[in-house]
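Student: Below: one structure in structure tokens.
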Amino acid sequence: MAKEHDEIYELFRKSKHFVFFTGAGISTNAGIPDFRSPNGLYRLIDKTYDLPFPEAVFEINFFRQNPEPFFRLSSKLLSRNPEPTQCHRFIAWLEHTGRVSLVMTQNIDMLHQKAGSEKVHECHGSYSTSTCQDCGKKSGYDEIEKPLKSGQIPLCTCGGVIKPDVVFFGEQLPDMFYSYLRKPPMADLIVIMGTSLNVFPSAQFALDLAARVPSVLVNLSPTNYDMAMTHVVNEDLDVFAEKLWDRLK
Ligand SMILES: [Zn+2]
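In the numbering used here, the protein residues as written are 4 to 252.
Listed below in structure tokens is the structure:
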């Protein structure tokens with residue numbers, strides 16, 4: 004393991020164009036439940052939610068009929084005011100050294116930005132912007148933060164429901180994601196953190212890059228794609244980031 008860490012350190016030291024791809028595992032230490040793990044997000048949903056099945060909370064067709072469960076769950080998540088982890092901060096620090104081309108994240112929690120990263124693409128959207136489902140008017144997070152945190156359904160002046168631009172099941176990923184998929188940013192290293200790469204098409208972005216440039220996958224548990232990576236580390240992401248950060252500073 005020590006040798007593996009030395010090799011990864013060398014890669015990080017030499018690389019000039021990092022691309023990061025992050026998933027739920029980077030935010031679990033911030034107290035944000037992962038979608039699929041046994042202690043995950045769906046555990047927060049109890050019988051009182053009145054859902055046909057837990058995933059319906061993120062299904063666009065269900066939302067159009069009944070947006071209440073989504074806003075109830077959102078208030079539980081957002082009112083916790085999560086703080087970025089050491090791993091988020093490490094990525095932001097690397098960006099400030101001028102060596103990060105892109106941080107692509109599957110997370111909707113906005114923690115990369117809160118840590119100071121700017122070159123972020125949220126391929127599953129986030130709460131940072133919202134769209135009225137009737138008139139299409141856009142709003143920023145500040146404009147609907149209050150109803151979001153209190154679990155109310157934010158309404159537009161036209162009377163329509165304002166939906167955060169989180170990508171639901173049954174919705175397309177942002178056009179920008181497909182642009183990055185077709186033409187990835189300059190990269191000499193892809194670092195994949197906190198994901199088992201089983202959500203598509205987003206995972207395709209990381210796998211395509213990993214086929215072309217050296218790759219490091221850091222995840223608490225093994226994934227089906229470990230063989231496709233140059234280096235795999237199975238440990239706590241913050242422990243990993245702190246060790247590396249100490250040596251790179
Ligand atoms: Zn409207």
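Note that CB positions come from ideal geometry on N, CA and C, so glycine has one too. Everything numeric in this text was worked out from a predicted model, so none of it was measured.
Going by C-alpha to C-alpha distance, which of 150, 251 and 195 sits closest to residue 236?
Tutor: 195
Student: Going by beta-carbon coordinates alone, are residue 107 and residue 183 separated by less than 8 Å?
Tutor: yes
Student: Taking residue 3 as part of the alpha helix (DSSP H), name the residues at either end of that continuous run.
Tutor: Lying outside 4 to 252, the shown extent of the chain, residue 3 is not represented and no answer is given.
Student: In this structure, does DSSP put residue 125 in helix, strand or coil?
Tutor: strand
Student: Excluding the 5 residues flanking residue 62 on each side, which residues of the same chain have their C-beta closer than 7 Å to its C-beta?
Tutor: If we look at residue 62 and ignore the five residues flanking it on each side, its Cβ neighbours are 171, 172 and 173.
Student: So residue 230 is in the alpha helix (DSSP H); what residue range does that whole segment cover?
Tutor: Neither: residue 230 is in no alpha helix (DSSP H) and is coded neither H nor E.
Student: Anyone know if the C-beta pair for residue 109 and residue 31 falls short of 8 Å?
Tutor: no
Student: Any heavy atom of ligand 1 closer than 7 Å to the Cβ of residue 163?
Tutor: yes
Student: Report the three-state DSSP secondary structure of residue 170 (helix, strand or coil).
Tutor: coil
Student: Going by DSSP, which residues form a beta bridge with residue 163?
Tutor: Paired residues: none, contrary to the question.
Student: Return the Cβ separation of residue 176 and residue 126 in integer angstroms, given the expectation that the two are a contact with Cβ distance under 8 Å.
Tutor: That belief holds up - the Cβ atoms of residue 176 and residue 126 are roughly 6 Å apart, short of 8 Å.
Student: Taking residue 202 as part of the alpha helix (DSSP H), name the residues at either end of that continuous run.
Tutor: Where residue 202 is concerned, there is no enclosing alpha helix (DSSP H), given that its DSSP letter is neither H nor E.
Student: Can the beta-carbon of residue 219 be found closer than 8 Å to that of residue 233?
Tutor: yes
Student: Using C-beta distances below 7 Å, list every residue in its chain close to residue 179, excluding the 5 sequence neighbours before and after it, in chain order.
Tutor: 124
Student: Count the other CB atoms, across all protein chains shown, that sit within 10 Å of the CB of residue 203; report buried if there are 16 or more and exposed otherwise.
Tutor: exposed
Student: Using three-state DSSP, classify residue 259 as helix, strand or coil.
Tutor: Because the chain is modelled from 4 through 252, residue 259 falls outside the range shown and cannot be assessed.
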